[in-house]
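Numbering follows the UniProt record's numbering, with no gaps: position 177 of the sequence shown is 177.
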Amino acid sequence: MVSKADCTGAGGPCKLRVNNIVKSEFDKREYRGLELQNGMKVVLISDPTTDKSAAALDVNIGYLCDPKELPGLAHFCEHMLFMGTETYPAENEYNKFLSEHSGYSNAYTSADHTNYHFEVSPDHLEKALDIFSKFFICPLFEAGSTEREVNAVNLEHDKNIPNDTWRLDQLDKSTCDPNHDYNRFGTGNKETLDTIPKSKGMNVRDELLKFHDKWYSSNIMGFAILGKESLDDLEKMVADKFKDVKNKNVKTPVWNTHPYGKDQLKTKTYVTPVKDLRSLLVTFPIPDLQDQHKSGPDSYLAHLIGHEGPGSLLSELRKRSWCNSLVGGPRHGAKGFAFFTVTVDLTLDGIEHADDIVELIFQYMKLLHDEGPQEWIFNEYKELLDIEFRFKEKEKPSSYVSYLCPNLFLYPLEEILVGTYMLTEYKPDLIRDLLDRLTPENMRLAVVGKQFEPKCDQTEPWYGTKYTREKLSDEQLKKFENVTSNSAFHLPQPNEFIATDFTLLAADSDIAPHPTIMYNSPLIRAWLKQDDEYKVPKLNASFEFISPYAYLDPECTNMTHLFISLFKDALNEYSYDAKLASLGWDLNNTKYGMMLNISGYSHKQSVLLSKVLDKLVEFSKNIDPKRYEIIKEQYARGLKNFEAEQPYQHAIYNISLCLFERAWSKTDLMESLDGITREKLSEFANELLSKMFIEALIHGNANKEIAMGIVKMLEEKLQTQLKTKPLLPSQVLRFREIKLPNSKCSVLSQVLRFREIKLPNSKCS
1 MVSKADCTGA
11 GGPCKLRVNN
21 IVKSEFDKRE
31 YRGLELQNGM
41 KVVLISDPTT
51 DKSAAALDVN
61 IGYLCDPKEL
71 PGLAHFCEHM
81 LFMGTETYPA
91 ENEYNKFLSE
101 HSGYSNAYTS
111 ADHTNYHFEV
121 SPDHLEKALD
131 IFSKFFICPL
141 FEAGSTEREV
151 NAVNLEHDKN
161 IPNDTWRLDQ
171 LDKSTCDPNH
181 DYNRFGTGNK
191 ETLDTIPKSK
201 GMNVRDELLK
211 FHDKWYSSNI
221 MGFAILGKES
231 LDDLEKMVAD
241 KFKDVKNKNV
251 KTPVWNTHPY
261 GKDQLKTKTY
271 VTPVKDLRSL
281 LVTFPIPDLQ
291 DQHKSGPDSY
301 LAHLIGHEGP
311 GSLLSELRKR
321 SWCNSLVGGP
331 RHGAKGFAFF
341 TVTVDLTLDG
351 IEHADDIVEL
361 IFQYMKLLHD
371 EGPQEWIFNE
381 YKELLDIEFR
391 FKEKEKPSSY
401 VSYLCPNLFL
411 YPLEEILVGT
421 YMLTEYKPDL
431 IRDLLDRLTP
441 ENMRLAVVGK
451 QFEPKCDQTE
461 PWYGTKYTRE
471 KLSDEQLKKF
481 ENVTSNSAFH
491 LPQPNEFIAT
501 DFTLLAADSD
511 IAPHPTIMYN
521 SPLIRAWLKQ
531 DDEYKVPKLN
541 ASFEFISPYA
551 YLDPECTNMT
561 HLFISLFKDA
571 LNEYSYDAKL
581 ASLGWDLNNT
591 KYGMMLNISG
601 YSHKQSVLLS
611 KVLDKLVEFS
621 KNIDPKRYEI
631 IKEQYARGLK
641 NFEAEQPYQH
651 AIYNISLCLF
661 ERAWSKTDLM
671 ESLDGITREK
681 LSEFANELLS
691 KMFIEALIHG
701 NANKEIAMGI
711 VKMLEEKLQT
721 QLKTKPLLPS
731 QVLRFREIKL
741 PNSKCSVLSQ
751 VLRFREIKLP
761 NSKCS
């Protein structure tokens with residue numbers, strides 16, 4: 001039901017109420033959409049069972065609205081809103097209240113919106129909301145807080161400087177059209193928010209007040225709240241707290257001109273990373289397709305270009321040993337423009353063949369041109385999204401409301417939950433139009449690698465990233481434009497893993513409230529917990545393969561890791577369709593051996609598990625020599641790159657070294673890696689699987705008969721094909737953790753080695 005009647009009877013001033021919000025089949029929460037008299041859009045979520053309440057507010061402007069002379073002002077405004085209001089003037093009132101009531105808060109500033117959210121214990125939602133609402137009604141922006149928060153912004157930027165993701169993102173902005181708002185430094189730092197403004201006689205606090213007064217308007221705000229209260233009570237609460245937010249009738253900007261002009265296209269940029277990374281980025285400017293979300297031309301092409309099955313672009317690149325992984329798809333810029341990017345994680349050999357990889361990308365796009373849009377592929381992708389929404393799992397309150405409130409600007413109120421999953425209009429012309437934009441003339445390339453450092457003679461001003469940029473030659477462009485068909489490429493086959501049977505199995509009459517042992521042999525102990533709470537057609541099966549060899553010493557630990565990485569790599573092409581169908585599997589090394597997890601819809605799960613086990617029992621005899629070298633080099637690089645991680649990550653890592661009875665450092669692992677060969681790894685894998693004990697847990701849509709079938713299949717394959725023997729009970733050991741003395745503080749100090757990053761004297765005009 002949609003009603004435009006005044007809602008004062010429900011306890012609050014609103015001009016629109018929507019009660020027919022589309023939700024997933026198993027979602028027990030209740031929803032209501034509102035538009036308040038001041039134009040603020042709201043979604044209410046009532047969940048009497050929630051253990052946390054949460055709220056989020058999204059302002060539909062971000063750092064692209066910064067004044068050109070004050071980069072980072074929108075982000076600075078986000079920080080300053082937390083620093084007290086007329087009603088609650090104490091700087092720490094908000095965070096103090098949340099921390100005292102099992103809560104926390106966070107916020108972020110993006111290109112075209114700013115998001116504030118918090119979580120708190122359910123009984124204290126209304127008080128937290130009262131404090132929160134005053135940020136948008138009567139913030140103080142005290143002069144005394146300004147310097148401290150400038151320093152906080154500066155520290156945040158300093159933390160990000162060694163991060164290659166932040167560096168590449170800013171390089172993309174700094175090398176776009178200099179007259180476009182996208183050519184901004186969104187984070188800000190002390191230089192842009194203090195030093196330079198002071199030198200020009202600018203008062204940053206005055207500019208902050210102007211910015212807030214101009215842009216923080218209720219008609220471009222979206223609010224989401226989740227609590228245990230009824231919808232009527234939540235509506236009354238929200239209307240009361242937010243009715244005084246001013247409506248300034250702000251019109252948010254739309255950037256219909258793309259930041260990639262003709263001078264920024266047909267270019268190739270070489271970039272020196274901080275970590276030892278190797279990647280290729282092929283980026284095309286595209287329009288903002290958000291209003292086409294029901295036809296999803298960008299999603300259709302992303303599904304095919306990023307496919308990992310047989311006949312795919314990734315499959316061919318891996319056969320040539322040029323690539324570890326590939327991701328292709330749209331990236332939101334801001335309202336009015338977007339990007340379509342293909343990102344390839346390169347091998348040592350692959351970085352020498354960057355142009356050849358680009359040629360292969362255009363060969364695959366030629367296939368898509370020649371074959372044309374396929375309605376069956378669209379319908380299959382639609383089916384995957386429909387199933388995903390139908391059986392969507394319950395989200396964490398704070399992340400859920402933070403995610404939902406920007407949707408209030410993107411979809412009608414009744415579609416804010418389902419909008420992301422709606423694919424209902426097959427429009428092949430839109431697919432063709434988008435594909436026609438993915439051309440060599442409309443492209444720019446970036447190649448990232450340490451080896452380019454000598455030729456990188458330019459420096460990005462905000463992060464100090466070293467790079468050099470050149471125009472693609474006519475010869476290169478012709479090579480990419482005149483590609484021929486490649487017989488290695490073909491469209492994917494229909495997905496055999498898409499579930500069609502969602503029957504909930506009748507529970508056994510003696511269902512237990514907790515996991516119970518259903519099978520116990522010398523080789524396997526299996527636990528079963530039939531689902532009697534969520535009642536969805538999903539199953540989770542976990543198998544811990546315990547072996548004394550797995551973590552025996554650093555070399556064994558390395559070999560366990562390499563074996564698992566190679567196994568997952570070898571099975572990736574086959575299992576990709578299962579992944580698309582939300583049927584997941586994973587194998588990870590632990591201190592005791594390996595952990596195999598299978599999860600997803602119960603209908604096709606046995607097919608995947610059988611294939612995984614078949615591959616496991618034969619894999620040690622068929623380790624591909626090329627993939628071995630690639631995976632080993634990738635693993636070694638990951639160990640070495642840890643040196644460049646953030647200090648807090650080093651702190652977490654070193655705590656584990658101190659507290660675990662047996663723990664190998666990354667230095668231990670690096671020093672023992674060189675002696676490992678493919679032959680040695682193959683022998684180790686046989687030894688690893690020759691003697692073990694398996695602890696299994698099956699939970700979800702399975703009765704004892706089905707669960708027993710899974711366990712017996714595993715046991716039979718191990719015993720008959722691998723000749724696996726059980727460990728003795730005395731060999732199934734668990735490591736202990738160090739017990740710290742009471743009333744004493746233990747401190748570990750470590751000097752971290754970081755590569756020095758020199759920043760230029762940047763200028764802000």
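Beta carbons are placed, not taken as given, at the ideal position from N, Cα and C, and that holds for glycine.
Residue i to residue j span [Cα, whole Å]
i, j, result
"residue 90", "residue 84", "5 Å"
"residue 427", "residue 681", "51 Å"
"residue 480", "residue 365", "11 Å"
"residue 64", "residue 458", "25 Å"
"residue 764", "residue 185", "Low local confidence applies: a pLDDT of 41 at residue 764 is under 50, so the model's placement there is unreliable, and no value is given."
"residue 712", "residue 539", "17 Å"
"residue 520", "residue 657", "34 Å"
"residue 188", "residue 703", "57 Å"
"residue 311", "residue 318", "11 Å"
"residue 287", "residue 507", "51 Å"
"residue 685", "residue 726", "16 Å"
"residue 272", "residue 525", "51 Å"
"residue 689", "residue 382", "41 Å"
"residue 679", "residue 492", "35 Å"
"residue 403", "residue 631", "36 Å"
"residue 331", "residue 341", "7 Å"
"residue 20", "residue 88", "37 Å"
"residue 267", "residue 296", "28 Å"
Backbone secondary structure at residue i - three-state DSSP
i, result
"residue 416", "coil"
"residue 386", "helix"
"residue 75", "helix"
"residue 254", "coil"
"residue 66", "coil"
"residue 768", "The structure shown does not extend to residue 768, since the chain is modelled only from 1 through 765, so no value can be given for it."
"residue 530", "strand"
"residue 763", "Its pLDDT being 44, under 50, residue 763 is placed unreliably in this model, and the coordinates cannot settle the point."
"residue 259", "coil"
"residue 751", "coil"
"residue 122", "helix"
"residue 8", "Residue placement at residue 8 is flagged as unreliable, the pLDDT there being 41, under the threshold of 50; a coordinate-derived value is accordingly withheld."
"residue 31", "strand"
Selected residue, minimal CA-CA separation from residue i, among the options
i, options, result
"residue 489", "183, 15, 498, 309", "309"
"residue 580", "175, 565, 601, 298", "601"
"residue 313", "272, 631, 359", "359"
"residue 536", "391, 562, 416, 398", "391"
"residue 96", "108, 353, 128, 113", "128"
"residue 421", "23, 15, 109, 400", "23"
"residue 429", "486, 298, 402, 627", "298"
"residue 560", "570, 510, 588, 582", "588"
"residue 645", "144, 76, 109, 161", "161"
"residue 674", "650, 699, 552, 629", "629"
"residue 51", "124, 291, 735, 92", "124"
"residue 616", "655, 442, 723, 452", "723"
"residue 241", "133, 302, 255", "133"
"residue 478", "362, 633, 256, 142", "362"
"residue 371", "651, 554, 432", "432"
"residue 497", "562, 510, 603, 532", "603"
"residue 334", "255, 302, 292", "255"
"residue 625", "606, 500, 676, 586", "676"
What are the start and end residues of each continuous alpha helix (DSSP H) run of 4 or more residues lying completely inside the segment 439–483, in chain order?
Entirely contained in the segment 439–483, the alpha helix (DSSP H) runs reaching 4 residues are, in chain order, 474–481.
Run through the segment 139–224 for me and flag every whole alpha helix (DSSP H) of 4 or more residues, listed as ranges in chain order.
Counting only unbroken stretches of 4 or more residues, the alpha helix (DSSP H) elements lying wholly within the segment 139–224 are 143–160, 164–174, 196–199, 204–215, in sequence order.
Segment contact, 8 Å Cβ cut-off, at least three pairs: the segment 145–162 with the segment 93–103
Taking one beta carbon from each stretch, the segment 145–162 and the segment 93–103 have fewer than 3 pairs nearer than 8 Å; the two do not touch.
The segment 337–346 in contact with the segment 375–383 per 3-pair CB rule at 8 Å
No: the two stretches stay apart, fewer than three of their Cβ pairs being nearer than 8 Å.
Segment contact, 8 Å Cβ cut-off, at least three pairs: the segment 62–81 with the segment 40–47:
Fewer than three pairs of CB atoms, one per stretch, sit closer than 8 Å, so the segment 62–81 makes no contact with the segment 40–47.
So does the segment 447–461 actually touch the segment 384–400, counting three or more Cβ pairs closer than 8 Å?
Touching, no.
I'd like the ranges of any beta strand (DSSP E) spanning at least 3 consecutive residues and lying wholly in the segment 272–359.
278–287, 323–334, 337–346, all fully within the segment 272–359.
For the segment 194–203 and the segment 166–183, state whether three or more C-beta atom pairs, one from each stretch, are separated by less than 8 Å.
Touching, no, given that fewer than three Cβ pairs across the two stretches are closer than 8 Å.
Meets three-Cβ-pair contact criterion under 8 Å: the segment 31–43 and the segment 253–268
These segments do not touch.
For the segment 595–610 against the segment 661–672, do three or more pairs of beta-carbon atoms, one drawn from each stretch, fall closer than 8 Å, so that the two count as touching?
Under the 8 Å Cβ criterion, the segment 595–610 does not count as touching the segment 661–672, having fewer than three qualifying pairs.
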